[in-house]
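Worksheet for the structure shown next.
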Amino acid sequence: MMRILMLNNEFPPLGGGTGTVNQAILARLAQRPELEIDLITSALGMRAERVQLAERVRMFKVPVANRNIHHSSNRELLTFAGLALPQALRLHRKQRYDLVFAWSAVPAGGVALALRRLAGLPYILRVCGPDIPGFEQRYGALYPILTPTIKAIWRGASRLVAKCQDEADMMLAVQPGMRIDLVPNGVDLARFSPAPIDDAGPLHLICVARLIERKGQHYLIQALRRLVDTGHNVVLELVGEGDAYDNLVALVRNLGLMDRVTFAGYVPREEIAAHYAAAHAFVLPSYNEGMSVATLEAMAAGLPTIVTRTGGAEDLVAEGVSGHIVAWADVEALVARIAPLATERDRARQMGVAARVRAQQFTWDAATERYVAMFGEINDKVNR
0 MMRILMLNNE
10 FPPLGGGTGT
20 VNQAILARLA
30 QRPELEIDLI
40 TSALGMRAER
50 VQLAERVRMF
60 KVPVANRNIH
70 HSSNRELLTF
80 AGLALPQALR
90 LHRKQRYDLV
100 FAWSAVPAGG
110 VALALRRLAG
120 LPYILRVCGP
130 DIPGFEQRYG
140 ALYPILTPTI
150 KAIWRGASRL
160 VAKCQDEADM
170 MLAVQPGMRI
180 DLVPNGVDLA
190 RFSPAPIDDA
200 GPLHLICVAR
210 LIERKGQHYL
220 IQALRRLVDT
230 GHNVVLELVG
240 EGDAYDNLVA
250 LVRNLGLMDR
260 VTFAGYVPRE
270 EIAAHYAAAH
280 AFVLPSYNEG
290 MSVATLEAMA
300 AGLPTIVTRT
310 GGAEDLVAEG
320 VSGHIVAWAD
330 VEALVARIAP
340 LATERDRARQ
350 MGVAARVRAQ
360 QFTWDAATER
370 YVAMFGEIND
380 KVNR
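Read in order, the letters of the sequence shown are residues 0 to 383 in numbering that gives the first Met the number 0.
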């Protein structure tokens, strides 16, 4: 039996894509009889919790006094690290772990590095996009301060994982010479039925993402105004919450689009498929992505996908076949790619079919097998 400690400050319903991926992988690891897993994550409330997720999977939640379930503040990240480390050491003393799996460099990787130095535990680090200096615009002032620590966390990992080559290249630009394994995200096709994409009515666009500057919803709203002004019948649903909500609402109001834009807010995972099924096309005009889970879900739902040229975009979207790839902040390009879908629904349906076929290449089972192989390789090396 191999005992693994996972560290992740977010886990559904707390957080975003990293927690969603953790949940999907953990569900499959729970079916492996040779593994026993403990996960330390954040509690939603003010009290520590222990949850038995499966026969050999336990979850320990530490209270970080989070104020927003969709985004962690710097204080909450530091609080998680400060509480997770002693919790991990207590658990390790009771029944020793073989390795640690950290789901981000900050804060989980910092805890993993401390455990390596204090208890000799090897760790796998799956890098989260904002961990990479330069990835997130709003963290620009923090990256010079954090970069030496991030690089030390990367170097300390027994295996370092990125989701796509673009993400790995960004890391290598910061710290050349590292070995980086690629494990793409996956999607469960069975959870998503192909969207019908009806001929009647307005073109229904959907964007599923946190409402933050990096995701670029403001450019999509500007594109919508231009589409309407040129006679295209288009509506937009924004699924998600975030710090940019007030600014986006103000933009929609100022552009006279209140009857064309729906702010759906947070949608539980078990309900998201219905929102994709009601849409005709998916748009994610993000400044940076590692490999977007929302894009994969939209592909699985048979939607043409219009994304920006960011990490993983070319792995997911076949230009002109299953969707389009445009430059960040290029409103005119968004207009040019969306407009034909409003008038040629056959084209939208053909792209949607191609998108779902392409999504079949990305499965959680395949990703899980990659991680299980890493567990075995690390364990064999330690026990030689």
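Think of the CB as a built atom: it goes at the ideal place given N, C-alpha and C, for glycine as much as any other residue.
Computed from a predicted model, the values in this text were never measured in an experiment.
Going by other Cβ atoms of all chains shown within 10 Å of its Cβ, with 16 needed for buried, is valine 381 buried or exposed? Residue mapping note: residue 381 aligns to position 382 of the sequence shown, counting from 1. So valine 381 counts as exposed.
Since leucine 204 and isoleucine 377 should fall inside the 8 Å C-beta cutoff, what is the C-beta to C-beta distance between them, to a whole number of angstroms? In the sequence shown, the residue the question calls residue 204 occupies position 205. In the sequence shown, the residue the question calls residue 377 occupies position 378. In fact, because the Cβ distance is near 44 Å, the residues do not count as touching under 8 Å.
Could you name the residues of the same chain whose beta carbon sits closer than 6 Å to that of threonine 362, not counting the 5 residues immediately before and after it, in chain order? In the sequence shown, the residue the question calls residue 362 occupies position 363. Correct list, in chain order: Gly185.
Pull up the distance between the alpha-carbon of alanine 326 and that of alanine 42, whole angstroms please. To locate residue 326, count along the sequence shown from 1; it is residue 327. To locate residue 42, count along the sequence shown from 1; it is residue 43. Near 38 Å, if we compare the C-alpha coordinates of alanine 42 and alanine 326.
Taking contact to mean 3 or more Cβ pairs, one atom from each stretch, closer than 8 Å, check whether the region 5-18 and the region 64-79 are in contact. Counting C-beta pairs with one atom in each stretch, the region 5-18 and the region 64-79 have three or more that are closer than 8 Å, which means they touch.
Taking just the CA atoms, how far does alanine 29 sit from alanine 53? For the purposes of this step, residue 53 is taken as residue 54 along the sequence shown, with counting starting at 1. For the purposes of this step, residue 29 is taken as residue 30 along the sequence shown, with counting starting at 1. So the alpha carbons of these two residues sit roughly 7 Å apart.
Among residues of its own chain, excluding the 5 on either side of phenylalanine 281, which ones have a beta-carbon nearer than 6 Å to its beta-carbon? By one-based count along the sequence shown, residue 281 stands at place 282. Counting only Cβ-Cβ distances below 6 Å, and skipping sequence neighbours, we find Ile205, Ala297, Leu302, Thr304.
Could you give the DSSP three-state label for threonine 304: helix, strand or coil? Counted from its first residue, the sequence shown places residue 304 at position 305. Here threonine 304 sits in strand by DSSP.
Apart from the five residues just before and just after cysteine 127, which ones in its own chain have a Cβ nearer than 6 Å to its Cβ? What you label residue 127 is simply residue 128 of the sequence shown in a count that begins at 1. Closer than 6 Å at Cβ, skipping near neighbours: Thr17, Ser103.
Restricting to runs no shorter than 3 residues, where is the beta strand (DSSP E) found entirely within the region 267-327? Runs of the beta strand (DSSP E) inside the region 267-327: 280-283, 304-307, 322-325.
Among Ala358, Ala272, Asp329, which has the Cα closest to the Cα of glycine 215? The residue you call residue 215 lines up with position 216 of the sequence shown. Nearest option by C-alpha distance: Asp329.
Under 8 Å: do the region 86-104 and the region 2-12 share three or more Cβ pairs, one atom per stretch? Touching, per the Cβ criterion.
Where valine 260 and alanine 249 are concerned, what is the direct C-alpha to C-alpha distance, given to the nearest angstrom? Here residue 260 corresponds to residue number 261 of the sequence shown, with the count starting at 1. Here residue 249 corresponds to residue number 250 of the sequence shown, with the count starting at 1. Going from the Cα of valine 260 to the Cα of alanine 249 covers about 12 Å.
Endpoints, the beta strand (DSSP E) within which glycine 264 is located: Along the sequence shown, one-based indexing puts residue 264 at 265. Where glycine 264 is concerned, the enclosing beta strand (DSSP E) stretches over 260-264.
Just to confirm, does alanine 299 get its C-beta within under 8 Å of one of the non-hydrogen atoms of the ligand SAH? Only the bare structure without any ligand can be found here, which leaves the ligand SAH out of the picture.
Terminal residues of the continuous beta strand (DSSP E) containing leucine 247? Working through the sequence shown from its first residue, we reach residue 247 at position 248. Premise fails: leucine 247 lies in the alpha helix (DSSP H), 244-253, not in any beta strand (DSSP E).
Do glycine 289 and lysine 93 have their C-beta atoms closer together than 9 Å? Reading the sequence shown from its first residue, position 290 is the one you call residue 289. Reading the sequence shown from its first residue, position 94 is the one you call residue 93. Annotated as distal: glycine 289 and lysine 93, with beta-carbon spacing of 9 Å or more.
Please report the residue range of the beta strand (DSSP E) in which aspartate 345 lies. By 1-based counting over the sequence shown, the position of residue 345 is 346. Per DSSP, aspartate 345 belongs to no beta strand (DSSP E); it is in the alpha helix (DSSP H), 344-358.
Which partner residues does methionine 0 have in the DSSP bridge list? Position 1 of the sequence shown, counted from the start, is the residue given in the question as residue 0. DSSP lists no beta-bridge partner residue for methionine 0.
Around the Cβ of isoleucine 149, are there at least 16 other Cβ atoms within 10 angstroms (buried) or fewer (exposed)? On the sequence shown, residue 149 is found 150 positions in, with the first residue counted as 1. Counting the other CB atoms within 10 Å of its CB gives isoleucine 149 a total of 16 or more, which places it among the buried residues.
Counted within 10 angstroms of its Cβ, other Cβ atoms place glutamine 51 as buried (16 or more) or exposed: If you number the sequence shown from 1, residue 51 lands on position 52. Sixteen is the threshold: since fewer than 16 other Cβ atoms of the shown chains lie within 10 Å of the Cβ of glutamine 51, the residue is exposed.
In the DSSP assignment, find the unbroken beta strand (DSSP E) run with proline 121 in it and report its ends. Here residue 121 corresponds to residue number 122 of the sequence shown, with the count starting at 1. No beta strand (DSSP E) holds proline 121; DSSP gives it neither H nor E.
Between which residues of its own chain and valine 334 is the CB-CB distance below 7 Å, once the five residues before and five after are set aside? Stepping through the sequence shown from its first residue, residue 334 is reached at position 335. Ala222, Arg225, Leu226, listed in sequence order.
Spatial neighbours of asparagine 246 within its chain, please: C-beta separation below 8 Å, excluding the five flanking residues on both sides. Locating residue 246 in the sequence shown gives position 247, where the first residue counts as 1. The residues are His217.
Beta bridge counterpart(s) of cysteine 206 as assigned by DSSP: Indexing the sequence shown from 1 puts residue 206 at position 207. For cysteine 206, which the question treats as bridged, DSSP gives the partners Leu237.
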